[in-house]
Amino acid sequence: MNAERIYKVVLGPHISEKAANSAEFGNQVVFKVATDATKLEIKKAVEKLFSVKVENVSTLNVKGKSKRNKYGLVRKSDWKKAYVRLADGQDIDFSSAE
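Residue numbers (my numbering): 22 to 119.
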């Protein structure tokens, strides 16, 4: 996997209450990823970007919601979410800037 693709696969962390619970109890981190990314690409990208060991990757496609505004019915775009389980003793700290 080339360096350009690594930065295009992982778009950023997904912060929510469910993501915080999975991080605390399941040693998982949730990322927003590219819609065409595979599990193997996500695993390699996270391992290279954050220097951690990844045990498992689970992905799911999130359907965009329909919203009503003054122009009529608008549909938000679909996106992909990845639950990345880290090996024991591994941790990703997003609050510290390097």
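Don't be surprised by glycine CBs; every beta carbon is placed ideally from N, CA and C.
Check	Outcome
Three CB pairs or more closer than 8 angstroms across the segment 59 to 68 and the segment 89 to 99	no
Neighbour-count burial assignment, residue 107, 16 or more Cβ in a 10 Å radius	buried
Spatial distance of residue 73 from residue 112 (CA atoms)	7 angstroms
Any alpha helix (DSSP H) of 4 or more consecutive residues that is wholly inside the segment 37 to 79	38 to 47 and 60 to 71
Separation of residue 51 from residue 38, as counted between CA atoms	11 angstroms
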